[in-house]
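Enquirer: Residue numbers (my numbering): 842 to 995. Before we start, here is the structure in question, set down as structure tokens.
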């Protein structure tokens, strides 16, 4: 299992990354605030899907860095980004999810299971970052401009 902080960087600076935990690591201290625990999926790669209206911009994030094994954000200098297609089933599910939530924009995070190649959903961020994804940043910016201008055609 992994632990993901539900808060941003601490006031003292730095970041809080996803870390592996065991049942023994989870003490009564978790009762004091919200936490997010997820099953640990051995991953082949991470994927960020940025959604603007019905348009999806998927980026595969690869790293061979040990520092990024649990959380790619721990080693930005050793990541490779590739624009990829979103599988139809995943795309349909994301569009249904955002429609049900009334969102026009969202950033969805996945890992690709190392054993099966299946996309495993992690979370949706209603204000997720996207400009660091240089391989699709211009397309996302254009899609956002189209959406704001009421020209939300694909």
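Beta carbons: idealized from backbone N, C-alpha and C, even for Gly. Predicted model, so just to flag it, every value in this text is computed and none were measured.
Where does residue 794 fall in DSSP's three states?
Expert: In the structure displayed, the chain extends from 842 to 995; residue 794 sits before or after that span and is not available.
Enquirer: Using the Cα positions of residue 927 and residue 891, report the straight-line distance between them to the nearest angstrom.
Expert: Rounded to the nearest angstrom, the gap between the Cα atoms of residue 927 and residue 891 is 11 Å.
Enquirer: Looking at the unbroken beta strand (DSSP E) that takes in residue 931, where does it start and where does it end?
Expert: It is not in any beta strand (DSSP E) - residue 931 instead sits in the alpha helix (DSSP H) that spans 929 to 942.
Enquirer: May I ask you to report which of helix, strand or coil DSSP gives residue 914?
Expert: Collapsing the DSSP output to three states places residue 914 in a helix.
Enquirer: Which residues in the same chain as residue 906 place their Cβ atom closer than 7 Å to its Cβ, once the five residues preceding and following it in sequence are excluded?
Expert: Apart from sequence neighbours up to five positions away, the residues of its chain that approach residue 906 with a beta-carbon distance below 7 Å are 916 and 919, ordered along the chain.
Enquirer: Roughly how many angstroms lie between the CA atoms of residue 952 and residue 870, to the nearest whole one?
Expert: 29 Å
Enquirer: Here's the rule I'm using: 16 or more other beta-carbon atoms within 10 Å means buried, otherwise exposed. How should residue 872 be labelled?
Expert: exposed
Enquirer: Roughly how many angstroms lie between the CA atoms of residue 996 and residue 929, to the nearest whole one?
Expert: Since the first and last residues shown for the chain are 842 and 995, residue 996 lies out of range.
Enquirer: Drop a sphere of 10 angstroms on the beta-carbon of residue 944, count the other beta-carbons inside from all chains shown, and report buried for 16 or more, exposed for fewer.
Expert: exposed
Enquirer: So is residue 887 buried or exposed if we call it buried at 16+ other beta carbons inside 10 Å?
Expert: buried
Enquirer: So, helix, strand or coil for residue 979, using DSSP?
Expert: It is helical.
Enquirer: Please check the pair residue 974 and residue 885, which I expect to be a contact at CB under 8 Å, by giving their CB distance rounded to whole angstroms.
Expert: Rounded, the Cβ-Cβ distance is 19 Å, inconsistent with contact.
Enquirer: Where does residue 941 land, buried or exposed, given buried means 16+ other C-beta within 10 angstroms?
Expert: Residue 941 should be labelled exposed.
Enquirer: Closest to residue 880 by CA distance: which of 868, 895, 863 and 874 is it?
Expert: 863
Enquirer: When burial is assigned at 16 or more other CB atoms within 10 Å of the CB, is residue 957 buried or exposed?
Expert: exposed
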